[in-house]
Structure formats: C-alpha cells, structure tokens
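Report on the following structure.
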Amino acid sequence: MRRQLGFSAIALTAVLLAGGSAEPPAADALGSVSFILGKPEEVTVLRRESARWQPAQLKMPLQSGDQIQTAAEARCEVKLNDGSVVRLGERSHFTFDQAQLTAGNRQVEGSLLSGKLWAWVSKLKWGRDRFDIKSPTAVCAVRGTIYRMEADSTTRVAVYDGQVDIGPTANLRQRLQQPARPVGPPQPVPGPTEIPGPYEVSLDQWIRLVAGFQIEIRDNGRYAKASIDSTAEAGNDWVQWNRQRDRELQR
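Written out as structure tokens, the structure is:
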C-alpha cells in the first residue's frame, strides 16, 4: 500500500470521524459502523431502499440489505448488536443479506462479493444460532468463531478460534451437479500442464475446518487444506491489524 496503515493514521482518522454526525438509530438496526480507517468518502454504504452510495459515518446504523464498499486504502469495522464484529479490508464489497438479532435468536446471512473480511463472532449461550457468510463459491457457517475470508477468483478461509463449517454455494452446487458433456469424436490433446498444490475432489458437501487450518477453494469447486503458516501470518499487515483490534475490543 502506498500509504502506511499505521497506528498514527488509525488514531487520526478515528479522531476526525468521531465528530461527524450519524443517523438516528434505526428500529430494526442489526448494528452500526464502529471504526473507519481512511477518508470519509473511501468507505461507502448503499441502503437497501436507495440507489445512491453515501459516505459511511461512525455510529451509522446498518440494516438487512445494506451494502458496504471500501476503497483501495480504506478499512471498516461493523459491530453487531450481539457483540460480534465484522471488518472489511481494502477494495472489499460486503452485503448484509438478512439479519435478526434478538434475545436467544441470531440469524445472520452476509455475502462477501469481493475483497477480504475478518469476523469475530460472539458465542451465543442459548437459543437459535445461525451466522453464515458466503463468497461466490463457498458458505461459512459459524458459532463463536474468529476467522478471515478472502474472495476473488478463489475463496480463502483461515480459522483462528473455534471451527467453521464450509460448504458450496447454491450456484456452485448446481454447476457441480451438471451432467458431463457427451463423448464426441477424438480431439487434439494439448501438452501436459502442472497443477499446483494438492487440490482435493470438488467441494460438493460440507466440511469442517478447525482452528489453525486454512482452505483455498477454486471457482470450479476444487479445494486444498493446509495448516496456517505462522511466519506468513506474522508479516501480514491485515492479520496483525485485526489481532490488535480484537485485543482492544476485549479490554
């Protein structure tokens, strides 16, 4: 990144944005914007009933159907009413598809259309609990978990605490279930190509990923699991920033 996302920038941005006015709380709000890193116009919100993107503000309430986008050097944090936290990295696009957060009932569905996300999902002691976030190819179902997701041409998920159940989206499942093409006349075969990594059979059913492991899922459904590389994590600015934010929230 051309501009350092250090603690001085974080502190300055937080101070500048804290004075901004926020909308009055919505009756059916699922949570609110709790932190913005970047210029005000670099994090934008599209309301479910609107066709115009607007700059996000601290304490701005969010509802089911709202979308959030971040620019190239911006990050955003949303704190939900149950205490869970969702953060978006640079160049990310996220939608709260549906959400109900009441006593003993948590039903959250979101979509990471592109970019990267960090989720700190609180533990629900009792009641109905569903917290699903999907990418174009995979759905992550969690209960009391810390994990991150990245979505572009592939989906990557790393679990830091708890466990995540991962399954194919309806679109991917439909593509995987399509019948093979009928056999035709012989065709020229190109030379051999190397397939990187131990990619497994296509993701056509749910699998469980526990803390300390990560998975990469291609757009054709094939996937590879591995242990989280602690050396790479130590040099990952996005991971270290989120860990610091998690520590601050738990004080």
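For the sequence shown, this note's numbering assigns the number 14 to the initial residue and increments by one for each residue that follows.
Each residue gets a CB set at the ideal place from its N, CA and C atoms; glycine is no exception.
Roughly how many whole angstroms lie between the Cα atoms of residue i and residue j?
i	j	result
residue 101	residue 130	5 Å
residue 68	residue 76	16 Å
residue 208	residue 140	Residue confidence for residue 208 is low, a pLDDT of 35 falling below 50, so the modelled location carries little weight; the figure read from the coordinates is stated next. One C-alpha to the other measures close to 45 Å.
residue 225	residue 146	19 Å
residue 159	residue 134	6 Å
residue 42	residue 79	10 Å
residue 70	residue 59	13 Å
residue 203	residue 253	With a pLDDT of 42 at residue 203, under the threshold of 50, the predicted position of this residue should be treated as unreliable, and no value is reported.
residue 138	residue 113	16 Å
residue 260	residue 166	32 Å
residue 28	residue 255	Summary for residue 28: the model assigns pLDDT 36, below 50, so the residue's position carries little reliability, and this model does not support an answer.
residue 121	residue 231	25 Å
residue 45	residue 74	4 Å
residue 96	residue 115	12 Å
residue 53	residue 84	10 Å
residue 82	residue 239	30 Å
residue 149	residue 263	32 Å
residue 247	residue 237	22 Å
So is residue i in contact with chain C if we call contact Cβ pairs under 9 Å?
i	result
residue 142	The displayed structure is made up of one protein chain only, and chain C is not part of it.
If you follow the beta strand (DSSP E) that residue i is in, where does it begin and where does it stop?
i	result
residue 229	226-231
residue 41	Note, residue 41: premise wrong, no beta strand (DSSP E); not H, not E.
residue 114	106-115
residue 82	80-83
Specify, as a first and last residue, the run of the alpha helix (DSSP H) that residue i falls within.
i	result
residue 45	Note, residue 45: premise wrong, no alpha helix (DSSP H); beta strand (DSSP E) at 44-50.
residue 259	250-262
According to DSSP, which residues form a beta bridge with residue i?
i	result
residue 240	226
residue 66	59
residue 91	46 and 99
residue 221	178
residue 74	45
Compute the distance between the beta-carbons of residue i and residue j, then report whether it is under 9 Å.
i	j	result
residue 87	residue 62	no
residue 174	residue 156	no
Runs of alpha helix (DSSP H) lying entirely within the region 117-203, each at least 4 residues, in chain order: 183-189
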